[in-house]
Amino acid sequence: MDKTVASAAEAVADIPDGASLAVGGFGLSGVPIAITRALLARGVGDLEVVSNNCGVDGWGLGELLAAGRIRKVTASYIGENKEFARQYLGGEVEVELTPQGTLAERLRAGGVGIPAFYTATGAGTAVSDGGMPLRYGPDGSVVKTSEPKETRAFPGDRPREYVLEHAIRTDYGLVRAAVGDRHGNLRFERSTRNFNPLAGMAGRITIAEVDRLVEPGEIDPDDVHLPGIYVDRVVVLSREESEDLPIEKVTVRRRTGAENEGGA
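Just so we're aligned: the sequence shown equals residues 1 to 264 in full-length UniProt numbering.
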């Protein structure tokens with residue numbers, strides 16, 4: 001039952017070229033950076049990634065992207081990453097844009113064994129009707145578009161159209177947690193909870209990097225955000241790795257008046 005492994009490199013040693021990955025995080029919050037860098041060091045490529053976004057320039061999934069290791073991204077957001085936008089518009093990477101809530105539910109559905117579900121989100125738009133650009137050519141032309149999705153109207157006080165969305169199940173799930181035990185139970189810190197539990201559920205094999213390792217039973221059952229049944233490997237981060245947390249956007253203001261008293 002002890003799921004700990006000695007290093008991130010050992011944890012990702014069997015991830016092959018062409019693997020599909022569900023990756024937790026949102027912007028720079030809760031990103032499994034040590035695992036990502038271990039993949040980068042191994043030279044694994046042709047990856048298919050499912051994540052809310054693709055990191056930022058030079059950090060997180062952005063590192064794999066800049067090295068040309070990612071073939072396709074399923075995400076809800078391209079912003080904050082100029083290289084991601086450049087590769088998408090230049091035809092170097094395929095991108096399936098999915099509404100954020102729908103993406104979350106597709107990952108959750110994959111984790112709990114629901115093959116598909118209906119949602120009103122995207123009905124009557126390119127999400128349901130098809131034609132959304134998935135890949136551009138080098139000359140800027142659209143060379144691949146999304147297919148139309150099945151829709152259905154359900155009875156009710158206000159009948160409306162719903163879109164059938166398929167669950168997402170990936171070869172691996174990569175997540176970052178604040179605390180984990182040797183059985184793989186995980187607790188995420190505040191906003192780092194974001195897409196991490198969902199990515200962990202969607203992976204057939206899930207690898208978690210944790211800031212702190214505790215013994216089984218030390219995490220209160222009410223504080224377990226992802227049960228160990230979903231987690232296969234646990235990597236304990238060094239202090240330096242845990243503290244490697246850049247700020248995505250620094251916002252400051254000039255101090256005035258009483259705030260400057262006493263040399264503040």
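Note that CB positions come from ideal geometry on N, CA and C, so glycine has one too. Note that this is a predicted model, so its numbers are computed, not measured.
Next on the checklist: Less than 8 Å between C-beta atoms, sequence neighbours within five positions excluded: which residues of the same chain meet that for residue 136?
Outcome noted: For the purposes of this step, residue 136 is identified with residue 136 of the sequence shown, where counting begins at 1. Cβ neighbours of residue 136 beyond the five flanking positions: 88, 89, 90, 91, 142 and 143.
Checklist entry - Looking only at DSSP bridge pairs, what is residue 133 linked to? => result Counting from 1 along the sequence shown, the entry for residue 133 is found at position 133. BP columns for residue 133 point to 145.
Item to check | Straight-line Cα distance separating residue 218 from residue 93 | outcome: Residue mapping note: residue 93 aligns to position 93 of the sequence shown, counting from 1. Residue mapping note: residue 218 aligns to position 218 of the sequence shown, counting from 1. In a straight line, the C-alpha of residue 93 is about 43 Å away from that of residue 218.
Checklist entry - How many whole angstroms separate the CB atoms of residue 248 and residue 56, which I take to be in contact at a CB cut-off of 8 Å? => result As a position in the sequence shown, residue 248 is number 248, starting the count at 1. As a position in the sequence shown, residue 56 is number 56, starting the count at 1. Rounded, the Cβ-Cβ distance is 7 Å, consistent with contact.
Next on the checklist: Just verifying my parser: in three-state terms, what is the DSSP assignment at residue 33?
Outcome noted: Residue numbering aside, residue 33 sits at position 33 when the sequence shown is read from its first letter. Collapsing the DSSP output to three states places residue 33 in a helix.
Next on the checklist: Just to confirm before moving on: does the CB-CB distance between residue 145 and residue 163 stay below 8 Å?
Outcome noted: As a position in the sequence shown, residue 145 is number 145, starting the count at 1. As a position in the sequence shown, residue 163 is number 163, starting the count at 1. No, the Cβ-Cβ distance between residue 145 and residue 163 is not below 8 Å.
Next on the checklist: Between the alpha carbons of residue 191 and residue 31, how many angstroms are there, rounded?
Outcome noted: Within the sequence shown, numbered from 1, the residue matching residue 191 stands at position 191. Within the sequence shown, numbered from 1, the residue matching residue 31 stands at position 31. Cα-Cα distance, rounded: 11 Å.
Checklist entry - Is residue 69 near the ligand PLP, judged by its Cβ being under 7 Å from some heavy atom? => result This structure simply doesn't include the ligand PLP, nor any ligand for that matter.
Checklist entry - What beta strand (DSSP E) runs, 3 residues minimum, are completely inside the segment 60–136? => result 70–75, 94–97, 116–119 and 133–136
Checklist entry - Which whole-angstrom value describes the C-beta separation of residue 2 and residue 254, a residue pair presumed to lie in contact below a C-beta threshold of 8 Å? => result Indexing the sequence shown from 1 puts residue 2 at position 2. Indexing the sequence shown from 1 puts residue 254 at position 254. No, residue 2 and residue 254 are not in contact; Cβ-Cβ is about 53 Å, not under 8 Å.
Item to check | Terminal residues of the alpha helix (DSSP H) in which residue 203 lies | outcome: Residue 203 sits at position 203 when you count from the first residue of the sequence shown. Annotation for residue 203: no alpha helix (DSSP H) segment contains it, though the beta strand (DSSP E) segment containing it runs 203–214.
Next on the checklist: Distance check for residue 29 and residue 264, CA to CA, integer angstroms please.
Outcome noted: Numbered from its first residue, the sequence shown carries residue 264 at position 264. Numbered from its first residue, the sequence shown carries residue 29 at position 29. Low per-residue confidence applies at residue 264: pLDDT is 44, beneath 50, and the placement is therefore not dependable, though the value from the model is reported in the following sentence. Computed Cα separation, rounded: 30 Å.
Checklist entry - Who pairs with residue 193 in a beta bridge, going by DSSP? => result Locating residue 193 in the sequence shown gives position 193, counting from the first residue. Bridge partners of residue 193: none, in fact.
Checklist entry - What are the boundary residues of the alpha helix (DSSP H) that includes residue 20? => result Locating residue 20 in the sequence shown gives position 20, where the first residue counts as 1. Run containing residue 20: none in the alpha helix (DSSP H); it sits in the beta strand (DSSP E), 20–23.
Next on the checklist: I'd like to know whether the C-beta atoms of residue 110 and residue 202 end up nearer to each other than 8 Å.
Outcome noted: Stepping through the sequence shown from its first residue, residue 110 is reached at position 110. Stepping through the sequence shown from its first residue, residue 202 is reached at position 202. Yes.
Checklist entry - Which class does residue 187 belong to by DSSP, given the choice of helix, strand or coil? => result Along the sequence shown, one-based indexing puts residue 187 at 187. In the structure shown, residue 187 sits in a strand (DSSP, three-state: E or B).
Checklist entry - Can residue 213 and residue 34 be called in contact, C-beta distance under 8 Å? => result Residue numbering aside, residue 213 sits at position 213 when the sequence shown is read from its first letter. Residue numbering aside, residue 34 sits at position 34 when the sequence shown is read from its first letter. Cβ distance not < 8 Å, so residue 213 and residue 34 don't count as in contact.
Checklist entry - For the alpha helix (DSSP H) that residue 240 lies in, which residues bound it at each end? => result Taking the sequence shown and counting its residues from 1, one reaches residue 240 at position 240. Residue 240 -> alpha helix (DSSP H) spans 239–242.
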